[in-house]
Structures are given as structure tokens and as C-alpha cells.
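A short worksheet on the structure shown next.
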Amino acid sequence: MQNAQNNSLRHHFPGVRDGWSRFDGPAGTQMVDVAINAMSEWAAHGSNANTGGFFAAADACDALLESTRSVVGEFLGADPSGICLGANMTTMTMAFTRAVGRTLKPGDTVVGTQLDHEANVSPWRIACERSGAQHLLTPFDVKTGRLDMDAFGNLVTDRTKWVAITGASNLIGTMPDLNAAIAIAHKHGARVFVDAVALAPHKQINIRELGCDVLATSPYKWYGPHAGVMYIEPELLNSLPVAKVRAASETGPRKFETGTPNFESIAAVQAAARFLIEEDMQQLAKLESAVFAPLLEGLLETPGVNVWGPHDLASRAPTVSFTVDS
Numbered sequence: 001m002q003n004a005q006n007n008s009l010r011h012h013f014p015g016v017r018d019g020w021s022r023f024d025g026p027a028g029t030q031m032v033d034v035a036i037n038a039m040s041e042w043a044a045h046g047s048n049a050n051t052g053g054f055f056a057a058a059d060a061c062d063a064l065l066e067s068t069r070s071v072v073g074e075f076l077g078a079d080p081s082g083i084c085l086g087a088n089m090t091t092m093t094m095a096f097t098r099a100v101g102r103t104l105k106p107g108d109t110v111v112g113t114q115l116d117h118e119a120n121v122s123p124w125r126i127a128c129e130r131s132g133a134q135h136l137l138t139p140f141d142v143k144t145g146r147l148d149m150d151a152f153g154n155l156v157t158d159r160t161k162w163v164a165i166t167g168a169s170n171l172i173g174t175m176p177d178l179n180a181a182i183a184i185a186h187k188h189g190a191r192v193f194v195d196a197v198a199l200a201p202h203k204q205i206n207i208r209e210l211g212c213d214v215l216a217t218s219p220y221k222w223y224g225p226h227a228g229v230m231y232i233e234p235e236l237l238n239s240l241p242v243a244k245v246r247a248a249s250e251t252g253p254r255k256f257e258t259g260t261p262n263f264e265s266i267a268a269v270q271a272a273a274r275f276l277i278e279e280d281m282q283q284l285a286k287l288e289s290a291v292f293a294p295l296l297e298g299l300l301e302t303p304g305v306n307v308w309g310p311h312d313l314a315s316r317a318p319t320v321s322f323t324v325d326s
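Here is the structure:
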């Protein structure tokens, strides 16, 4: 049954129809056929215009943006009015932290983690350097791969304005306890930015239940095009001092989305998100775990092989790093 289900999904990915298995997953995913088709169809159907015009093509562009926000909002369990679409997670995070940096001052702190991808470290470091705030990184236990929550609790204080934390380590797969981290941050009045790039492909996300203030993902990690998606809590978004041209909106996602959107890519983002909604992320996670479990077990049982990160499935994403004793 498992093989039948996996094979029923495989045909949706033209990139693996040549029979090869590709182990470059951490660098991205193969695009799903519906996303490829959506990108091609948008480019061919005559609405290659821009937003805000008084003609049919502009109306189609406006409608595409709004429908994509709606579908991605459903995929992430978030208010569509906070869904921003952009070039990639790193570019969007740089823009976001530039704006946040204008609200920071000497004495403030931003708490990150040593588990995080550089895209969720350097933007905050730069913002802190420019504002005089302090950037602090929470350590993790090298043996277990787990975030040191005691250290995290000590670093987050009433001076902390932001916590920037990964949903899953792109290197060793660790999934920190986001609920606990968010509760600690909010207790001290800090906002929380979650880098969910390595989490979104593997686990169903519900931002409303999670309660984070900002969450970033990369659609090319979940079978879409090279692009970025960032949820920003709507009230925060409206108050954020972002760099923008004078003609740009003062409120809503278009305030943050500088310039002309990449409509072809956005059409593909919507199609990929809809595909995952229809296939059911919880069911896909079960299939993925069934494939990953034997790999993890085999590596753990092999003499001379050292698996980095948690050794149990519940605490990690199916990204595994290991070394072999020489």
C-alpha cells in the first residue's frame, strides 16, 4: 500500500520520470506538475500586465495575488491579509529586519539560535549592529542536537524585542519546541519570527494555533518555484516602517512587496500550495516517516556511523546528517 501511494505521487513530478532518485532534497525539491503547468499557463494566457490598472489583464493580476494569498493562507493556517509574496526567504528576511532595525535601540536584544540557517542569523545581526541592539544566540546540545531551552529562557528577558527561531534545522533536522519558545517570548513581550523553510515541507503548520508573529517559507522546498512567502501579523505589517516607493500601499502585503510581482511564479506558488492541501499534509507526513524511519534506524545501528541531531522521529524532520569514523 505504501509503495502504491508513493508511486501515485511520483507521476506528478516530471523531474524524476527519468528513473533517477535525487538526493539533493535539502537544496530544494522537484516542482510538481500542477505548479509547472500553472506557471506556463499564466505566461501564455495574455494577462502579462501589472496590478492596479483599469483593464482586464490588470484585474487578472490583482485576482491572482488575492487568490494566492487565500490558498497559501489556508496551507499555513494563517490570515490571508498577512501573506506576503517575494523573491526568496533570504531577500524577504533582509527587508523585514531592515524595517525592524529602525525600531530597535541600544539595550534591546534579539535572541536567535545556533541551530538556525544563516538566512535567519545574518539579517538580525546586521539590524542589531546598525541599531546598537545586542544579538544573542542560544546554544544547542551537540550530542543530542536539541536546543538548550534553559539557556533560551535565560537569554530572553524584558529587554528582548524579537526571537528568531528555526522550525526545523536544515542541517541536522532538529525541530525545537516552538510552542514553548513562543510562550517564553510572549511572556516577556517579545515578538517571534519563525524560519519554517525546513519545516513546511514535512509538517502541517497552523500559524493561528502556533501564535507566532512572523513566519517565512520557501515554496521551492514544497514543490513550487524559487520564491519566498512570509506571513506577517496584519497589525504588525501595517505599522512596520518598511522601505518602499511613495506610490506603494501604506497597508497590507503590497506595502512590503516592492515592485512588480513575479506573477508567473506566484501562479505556481498557488498551485503547489493547493496540491499539498488536496493531498493532505498529515497523510504526506505519514508516508514520509515510513520512508525515513528505516534509513534513520539503519544509520543508528551501523557501527562507526554517527547521526547528528535527535535520534527519535518525533523530534526531527527527515533531514539527516551523519559522519563515518575513519
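Residues 1 to 326 (the numbering used here) make up the sequence shown, in order.
Built from N, CA and C at the ideal position, the CB exists for glycine as well.
The three-state secondary structure of Thr144, taken from DSSP, is coil. With a 10 Å radius around the Cβ and a threshold of 16 neighbouring Cβ atoms, Gln282 comes out exposed. For Ala243 and Met89, the gap between their C-alpha atoms comes out near 17 Å. Annotated as distal: Asp325 and Gly298, with beta-carbon spacing of 7 Å or more. Take the alpha-carbon of Lys255 and the one of Ser249: they are about 5 Å apart. 7 Å or more divides the Cβ of Ile165 from the Cβ of Ser321. Apart from the 5 residues on each side of it in sequence, Pro106 sits with its Cβ closer than 8 Å to the Cβ of Ser131, Gly132 and Ala133 in its chain, given in chain order.
Counting of Cβ neighbours within 10 angstroms places Glu257 among the buried residues, the total reaching 16 or more. No Cβ-Cβ contact shorter than 7 Å links Asn50 with Thr319.
For Trp42, the enclosing alpha helix (DSSP H) has its first and last residue at Asp33 to Ala44.
Under the three-state reduction of DSSP, Phe322 is assigned to strand. In the three-state DSSP reduction, His186 falls in the helix class (H, G or I).
Its chain contains Leu136, Leu155, Val156, Thr160 and Val163 as the residues whose beta carbon lies nearer than 6 Å to that of Val111, once the 5 sequence neighbours on both sides are disregarded; these appear in chain order.
Counting of Cβ neighbours within 10 angstroms places Lys221 among the buried residues, the total reaching 16 or more.
Glu279 and Thr93 have their C-alpha atoms spaced approximately 29 Å apart. Looking at the backbone, the Cα of Ala60 and that of Ala268 are separated by about 15 Å. With contacts defined as CB atoms closer than 7 Å, Val194 and Gly224 fail to qualify as a contacting pair. Short of 8 Å from the beta carbon of Cys84, and not among the five residues preceding or following it, lie these beta carbons of its own chain, in chain order: Met92, Val229, Met230, Tyr231, Ile232, Leu237, Pro253, Phe256 and Glu257. Uninterrupted alpha helix (DSSP H) stretches at least 4 residues long and entirely within the stretch 225-257 occur at 234-239, given in chain order. Taking C-beta separations shorter than 7 Å and ignoring five residues to either side along the sequence, the partners of Gly145 in its chain run Ile172, Thr174, Trp308, Gly309 and Pro310, following chain order.
The three-state reading of DSSP puts Asn306 in strand, counting E and B together. Of the residues assessed, Ala56 falls on the exposed side of the cut-off, its CB having fewer than 16 other CB atoms within 10 angstroms. By the neighbour-count definition (other C-beta atoms within 10 Å, threshold 16), Leu296 is a buried residue. As DSSP reads the structure, Leu215 sits in a beta bridge with Val194 and Tyr231.
For the pair Leu240 and Ser169, the CB atoms are not nearer than the 7 Å cut-off. Taking 7 Å as the cut-off, the Cβ atoms of Thr68 and Ile266 count as close. Using a 10 angstroms sphere on the CB of Gly46, the tally of other CB atoms stays under 16, which defines it as exposed. In the DSSP assignment, His135 forms a beta bridge with Val110.
For Asp148 against Pro139, the beta-carbon gap comes to about 5 Å, under 8 Å, which counts as contact. Distance from the Cα of Arg102 is smallest, within the candidate group Met39, Gly86, Ser218 and Trp124, for Trp124. Each residue's CA atom was taken as its position, placing Phe292 and Arg208 some 29 Å apart.
For Pro80, the closest of Asn306, Asn206, Ala285 and Thr302 by C-alpha to C-alpha distance is Asn206.
Between Val192 and Asp213, the C-beta gap is smaller than 7 Å, which places the two residues in contact.
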